[in-house]
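Residue numbers (the working numbering), protein chains in the order written: chain A, 1 to 267; chain B, 268 to 439.
Glycine included, each C-beta is placed from N, C-alpha and C at the ideal position.
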Amino acid sequence: MKRMLVLAAALAAALPFAASAHKAWLLPSQTTIAGNDPWITVDAAVSNDLFYFNHVPIRLESLQITAPDGTAVQAQNGATGKFRSVFDVQLSQQGTYRIASVNDGLFATYEQNGERKRWRGTVERLGELPRDATNLQVSQSIGRVETFVTHGAPNDTALAPTGRGIELIALSHPNDQFAGEPSRFRVLVDGKPAAGLEFEIVRGATRYRNAQEEIKVSSDAKGEFSVTWPQAGMYWLETGSEDDRSSVKQASKRRLSYVATLEVLPQ
Amino acid sequence: MRVTLTIALSGLLATSPAYAATLDINVEVPKLNVAEYHRPYVAVWVEGADQQVAANLSVWYQQTSNSEGHGTKWLPDLRQWWRKSGRTLQVPVDGVTGPTRPAGKHALSFNDKQPALKQLAPGNYTLVVEAVREVGGRELLKIPFSWPAGAASSGRAQGSSELGLVTLAVKP
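See the structure below:
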């Protein structure tokens with residue numbers, strides 16, 4: 001049982017890196033909210049189709065929720081099923097919440113007694129790897145899957161870059177996306193604008209159409225790109241890259257991935 | 268004496284609007300033949316050439332709480348108004364917000380002595396009326412006008428779902 005869980009976790013974490021494979025996402029019930037005591041609920045899953053749960057859930061341990069004042073918020077009523085995790089967030093502050101699933105760790109493959117094995121862990125737990133491991137290959141991975149929700153008027157405190165891995169800055173505001181309007185974004189790697197990152201953007205409800213209708217854009221020299229939303233809907237934005245800026249000497253490569261779910265409203 | 272005073276007062280009331288530039292608006296909430304009817308939320312505002320809100324004139328929403336929550340919960344459904352103004356407003360706003368209204372024609376009158384239009388600089392504007400109904404649809408109508416009007420002018424827009432006829436009369 002424990003092994004299965006570990007494997008599922010490894011799969012969930014590793015899959016987003018293979019751009020052609022499955023898609024990880026967080027799907028909020030609403031992104032623009034008002035009222036006296038607003039709550040939202042969020043689905044978290046990895047799947048092929050957007051936004052349907054049919055593969056594996058995203059683990060809730062990876063959640064990082066930031067309140068409009070920059071403090072951390074705990075998810076409530078969390079549950080993980082076969083295909084998806086679900087959790088609630090109470091929006092007790094006015095402003096923008098950043099809801100993310102962050103995976104920051106190491107992935108290794110090695111051979112022991114002629115058997116091929118896989119390992120996943122953190123930098124601190126690197127010592128767990130057996131001493132007689134051969135053909136050891138370690139890679140560092142930083143993956144962020146996130147979405148944004150605004151209660152009342154939007155603000156930018158929770159949107160401040162963490163400076164680690166890939167991050168996306170909406171130059172308007174992530175909750176100010178409207179059909180037919182152009183929207184500009186800046187991509188950061190470790191907090192610095194990154195050129196040449198290719199984004200795949202897909203609108204949800206893929207089950208009810210015959211083509212993905214994906215939009216492909218790359219960040220320009222300033223690390224920026226713009227999208228004109230063809231129609232309203234929930235959109236999935238994904239990018240990834242590989243570099244050699246690993247912080248662990250055993251890991252020659254570092255894999256970065258990023259996913260955002262943005263809601264585009266009709267005019 | 269009382270009679271003369273009343274006459275004098277009414278005379279005053281009748282003549283005073285002549286000195287003020289006015290916006291006379293009529294918003295029709297259509298009578299709909301639907302199984303579940305709720306009165307629409309309606310926002311009426313003035314937009315400048317930059318498409319930003321220059322003045323909030325009237326916003327109708329459920330002012331109380333029910334089992335589903337307080338009426339403010341559904342204000343973001345007035346999508347454009349919410350984006351451009353509502354989300355930064357502390358509701359209720361005196362003289363602007365009020366309860367929802369039934370099907371029928373609703374006359375609204377504003378003049379340049381009132382806070383909403385007092386600070387409105389001369390220029391070209393658009394009157395925007397947005398309506399959204401629970402378990403129903405949403406509709407947005409626009410009527411352009413100049414302020415203040417050199418001569419009396421009028422405009423109209425016909426809604427097709429959540430709004431009926433909206434008329435605007437601008438008087439110098």
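Chain-order list of chain B residues neighbouring LEU265(A): ARG346, by C-beta distance under 7 Å.
Chain order gives the chain A residues near GLY336(B) as GLY35, ASN36, ASP37, PRO38, where near means a beta carbon separation below 9 Å. The bridge partners DSSP lists for PRO57(A) are ALA45(A). Taking a 10 Å sphere around the C-beta of ARG245(A), we find fewer than 16 other C-beta atoms and assign the residue as exposed. Boundaries of the beta strand (DSSP E) around ALA424(B): 420 to 425. Below 8 Å, too few C-beta pairs join the region 370 to 389 of chain B and the region 48 to 59 of chain A to call them touching: fewer than three. By alpha-carbon distance to SER183(A), the top candidate from GLY165(A), GLN137(A), LEU237(A), PRO161(A) is LEU237(A). For ARG346(B), the enclosing alpha helix (DSSP H) covers residues 346 to 351.
Interface residue (Cβ-Cβ distance to chain A less than 8 Å): THR355(B) is classified as such.
Chain B has no Cβ within less than 8 Å of the Cβ of GLY233(A). Judged by DSSP secondary structure, LEU375(B) falls within the beta strand (DSSP E) whose first and last residues are 371 to 378. The beta carbon of THR228(A) is closer than 6 Å to those of PRO182 in its chain, skipping five residues each way along the sequence.
Looking at the DSSP output, TRP327(B) shares a beta bridge with VAL309(B), GLY365(B).
At a cut-off of 8 Å between C-beta atoms, GLY95(A) does not count as an interface residue with respect to chain B.
Counting C-beta atoms within 10 angstroms of its own C-beta, VAL437(B) has 16 or more neighbours from the protein chains shown and is therefore classed as buried. The beta carbons of LEU256(A) and ILE142(A) sit closer together than 8 Å.
In the DSSP assignment, LYS438(B) falls within the unbroken beta strand (DSSP E) covering 432 to 438. Ranked by Cα distance from LEU394(B), the options TYR308(B), TYR304(B), GLN386(B), ALA322(B) are led by ALA322(B).
No Cβ of chain A is located within less than 8 Å of the beta carbon of LYS372(B). Residues of the region 152 to 176 of chain A whose Cβ lies closer than 8 Å to any Cβ of chain B, in chain order: GLY152, ALA153, PRO154, ASP176. Taking the Cβ atoms as the reference, ASP88(A) lies roughly 5 Å from ASN77(A), within the contact range of under 8 Å.
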